[in-house]
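A short worksheet on the structure shown next.
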Amino acid sequence: MSEVWVPISDAEKRLKAENIQIGRNKISRLVSRGVIQAKVNPLDARVRLVNIEELRTLFKEYGSHAGEDNP
């Protein structure tokens, strides 16, 4: 079973390996806007964890313009 909640930097690497082009800044903006959920890593409060499945679903549905005001 794979991890669902991963650090933003790991999410970026995993999605790029699946040919979903997204950067850490974009993921961070999606979190800030409330488009995707995030939680604090209990082992390191500086690191935010995101749900990788939520990101995959979002980008499969909306493509590279997910979360933008003007796609």
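Quick note on numbering: the sequence shown equals residues 1 to 71 in UniProt numbering.
Built from N, CA and C at the ideal position, the CB exists for glycine as well.
Around the beta-carbon of A11, 16 or more other beta-carbon atoms lie within 10 Å, marking it buried.
Between R56 and L15, the CB-CB gap stays under 9 Å. Fully enclosed alpha helix (DSSP H) runs of no fewer than 4 residues occupy 24-32 of the region 13-44, in order along the chain. Relative to E61, the option among I20, Q37 and S28 whose CA is nearest is I20.
When G34, D44 and I8 are compared, the shortest CA-CA separation from R24 is found for I8.
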